[in-house]
Amino acid sequence: MGRWASHTTPSRSHSTTRGTWVLFIPINPATLEVVPRFEPFPALRYDSSSSLDITPLTSPPYDVFDETERASYTAVSAHNVVHVDYPLEADGPGRYEMANATLQTWVDEGSLLSDNSPTFSIYRMTFTDEAGRTRTTIGVIGALEVVDEGAGGVLPHER
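Counted from 1, the sequence shown has number 119 at position 118 by my numbering; the numbering is strictly sequential.
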């Protein structure tokens, strides 16, 4: 149960904290699980000064499409994220260097801008599922502490 911060009944309290509610929650240390840190960070964002529609710049996760679909995303825009997530040399030793070079070029030319301060990014994504139904999901992007798989309730998301 909660208590008034003055620890007296509100009608008898002369405290300046009158009306401040303090909630006491019982915690069982035996079942307490440490939650990984989830913090804001200065994100990179596409420059939206010319268009707020980022559809031509996005793609599904790289592990859910094939080479043909990859080619269709790259044809839509030279700045589609697939150039970073799934570079041409996707299985070769230089793939990470290629992805990094592409990302750095986009930053240098101003296609990607960095936030001035750490932020959480809220997004809404609409897609068609395997049954043909339109679905929408809402999420938040932040920097999550790296922990062992399953620790703190964090589960892997790759296939």
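Note that CB positions come from ideal geometry on N, CA and C, so glycine has one too. These figures come from a predicted structure and were not determined experimentally.
Those residues which DSSP pairs with residue i across a bridge
i: glycine 140; result: Tyr124
i: serine 112; result: Answer by DSSP bridge pairing: none, since serine 112 is not bridged.
i: threonine 135; result: Thr129
i: leucine 145; result: Phe39
Inter-residue Cα distance where the pair is residue i and residue j
i: proline 1; j: glutamate 146; result: The shown model of the chain, from 2 to 160, leaves out residue 1, and the question about it has no answer.
i: glutamate 150; j: aspartate 116; result: 30 Å
i: tyrosine 87; j: glutamine 105; result: 16 Å
i: alanine 144; j: glutamate 40; result: 5 Å
i: alanine 102; j: threonine 59; result: 19 Å
i: threonine 75; j: valine 82; result: 9 Å
i: alanine 132; j: phenylalanine 66; result: 17 Å
i: proline 57; j: serine 78; result: 6 Å
i: valine 148; j: proline 157; result: 11 Å
i: threonine 129; j: threonine 135; result: 4 Å
Residue j beta carbon less than 9 Å from that of residue i
i: isoleucine 55; j: tyrosine 47; result: yes
i: valine 35; j: glycine 111; result: no
i: leucine 45; j: valine 108; result: yes
i: alanine 100; j: histidine 80; result: no
i: valine 155; j: proline 43; result: no
Is it true that the region 138-155 meets the region 115-123, where meeting means three or more beta-carbon pairs spaced less than 8 Å apart? Contact between the region 138-155 and the region 115-123 is present: 3 or more CB-CB pairs across the two stretches fall below 8 Å.
Could you name each continuous alpha helix (DSSP H) segment of 4 residues or more that falls completely within the region 40-80, going from the start of the chain to the end? Along the region 40-80, the alpha helix (DSSP H) occurs as fully enclosed runs of 4 or more residues at 68-77, listed in sequence order.
Does the region 92-110 come within contact of the region 65-78, defined as at least 3 CB pairs closer than 8 Å? Using a Cβ-Cβ distance cut-off of 8 Å, the region 92-110 and the region 65-78 are not in contact, since fewer than three pairs of beta carbons, one from each stretch, lie closer than that value.
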